[in-house]
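Working notes for the structure below.
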RNA sequence: UCCCCGAUAGCUCAAUUGGUAGAGCGAGCGGCUGUUAACCGCUAGGUCGUAGGUUCGAGUCCUACUCGGGGAGCCA
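Numbering (this note's numbering), first residue to last: -10 to 453.
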């Protein structure tokens, strides 16, 4: 079938031509004048196209008059200038084939506003709505912008494994991967699980981060990035957490924390610029119906220089304000959501990059600073979301790394391959992780992370 | 996992101090209309999340559980 996408039809270039479009009915209005108006959407853009159906159509009485929301149709006709006010062009149809009916009494997506909570129970159909169609298109554009950004800069896309044996040191609780039967688990003499009988003959997990596996590629091929799903078995019930989410993790070769921060800032700006430029209609919708400040916020991020502040300086700011904190602030403590939001929303009113955190609250692989107290870490904080990027320069000095792993009580033998990178041609390198869904949230203004991923996985929830 | 709030028609919500359930939207039918989240009229539709308890009487009060939302922790 030679199908014209509705986005192209509305572009108007084929005006005056005979075209065929296909999609799902949003609304139908019948006129006693002997014709009907069908608003058709095919997902190619936010807008519907209006199909005018005349009662001279063979199936006008038998089918067109009974069309309802959700029906799928293929319509052919001439693309003409519209007499109506809300669209410049419309299709004067010569044939409309009803492909799939949709029982209006039972169709879960009514032509009215639904709550997002309700639509989550209709995960297979919610992409038929304005909001979820727009989210899907923006999410897609963000993903293409991510690849675009790195490919333009000569970064290599590396696929790190989903099933891993390393835990990336405290990045989060992990899901076990096993083929052992739950009701018949083989035991060792000491009562522990006998993993030698498992598929991989050892405990394995779903990845919580591709960082450790992408570093070797960085230390041989230069600038690289990994981009894929990650999993956390944390019992987190918040609008900002998922058990399965997507993460982008670039790793820069021969680079320090400054390079890392420059990259992160340019990266975020590239993504938001792409969304604003290429998803105008969708963004207009989000700005009108979801968050009235979202376009302004994104524009502000693109145009402003990110504030770069050391952790130590941030603690100073937080202790000198009259603001009362639920969690007390002192040097050495991890910053809480209230602190991060205060800094980015009230003190700087812009994205903030916090750097040089105390060693004690950061993982083993971060590079120790000369002060022996802090590490070369950086977090990018944005309004509303808080931490959107976390990164660091990696510890490239073998002796320092080993000492640090020892202090952290790690089993060094498990990480022999990671340590090898410091033995054979070690280099300074740095990287960060960006949560895709939080980025989509920030770009769209959607309040709940469950509404920016097609099928959210959260504690006690894996429907669809 | 902790704290707070909620669950009533297909959906979004209302129901006074405990007295036996309503609206809007949607749907069906009819009217009107180059309409556009159209408009006007009529109709159908509910063991008030589940299980106990208090009471002459519970949508309303109490307890537990389930699910949902907000905040927090963990983090991306």
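Yeah, the Cβ is synthetic: ideal placement off N, Cα and C, and Gly gets one too.
At least 8 Å separates the beta-carbon of residue 334 from that of residue 314.
Our two residues, residue 245 and residue 419, have alpha carbons roughly 6 Å apart in a direct line. In this structure, residue 363 lies away from residue 383, with their beta-carbon atoms at least 8 Å apart.
Secondary structure of residue 12 (DSSP, three-state): strand. For residue 61, the beta-bridge partners assigned by DSSP are 13 and 89. Contact between the stretch 95 to 105 and the stretch 236 to 244 is absent, with fewer than three C-beta pairs closer than 8 Å. Around the beta carbon of residue 426, 16 or more other beta carbons sit within 10 angstroms, so the residue counts as buried.
Setting aside the 5 residues that flank it on each side, residue 33 is surrounded in the same chain by -6, -5 and -4, each with a C-beta closer than 6 Å to its C-beta; the list follows chain order. The stretch 182 to 200 makes contact with the stretch 213 to 232, as at least three CB pairs between them are under 8 Å. In the structure shown, residue 67 adopts extended strand secondary structure according to DSSP, grouped into three states.
Relative to the Cα of residue 226, the nearest Cα in the group -9, 447 and -2 belongs to 447. In the DSSP assignment, residue 139 falls within the alpha helix (DSSP H) that extends over 119 to 141.
In the DSSP assignment, residue 111 falls outside any alpha helix (DSSP H) and carries neither an H nor an E.
Burial check for residue 108: the Cβ neighbour count within 10 Å reaches 16 or more, so the residue is buried. Annotation: residue 365 to residue 359 spans about 10 Å, alpha carbon to alpha carbon. With a minimum length of 4 residues, the unbroken runs of alpha helix (DSSP H) contained wholly in the stretch 305 to 354 fall at 326 to 330.
Considering only 186, 325, 388 and 437, the residue with the shortest C-alpha distance to residue 375 is 325. In this structure, residue 43 places its C-beta atom within 8 Å of the C-beta atom of residue 23. Exclusion of the five residues before and after residue 308 leaves 318 as the residues of its chain whose Cβ lies within less than 6 Å of its Cβ.
Boundaries of the beta strand (DSSP E) harbouring residue 27: 24 to 30, taken from the DSSP string. Distances from the CA of residue 373 to each of 430, 352 and 392 were compared; the closest alpha carbon is that of 430. The Cβ-Cβ distance between residue 203 and residue 153 does not fall below 8 Å. Residue pairing from DSSP leaves residue 386 without any beta-bridge partner. Counting only the Cα atoms, residue 119 lies some 13 Å from residue 16. For residue 55, the three-state secondary structure derived from DSSP is helix.
When the beta-carbon positions are compared, residue 65 and residue 84 come within less than 8 Å of each other.
The secondary-structure analysis by DSSP pairs residue 371 across a beta bridge with 375. When only Cα atoms are considered, residue 141 and residue 249 end up about 17 Å apart. In this structure, 165 is the residue among 423, 165, 145 and 433 with its C-alpha nearest to the C-alpha of residue 151. Comparing alpha carbon positions, the residue from 440, 371, 172 and 281 closest to residue 293 is 371.
Ranked by Cα distance from residue 12, the options 104, 56, 146 and 337 are led by 56. Inter-residue distance for residue 390 and residue 186 is about 34 Å (C-alpha atoms, whole angstroms).
For residue 42, the enclosing beta strand (DSSP E) stretches over residues 38 to 43. CA-to-CA, the gap between residue 88 and residue 46 works out to about 16 Å.
Residue pairing of residue 81 in beta bridges, as defined by DSSP: 41 and 67.
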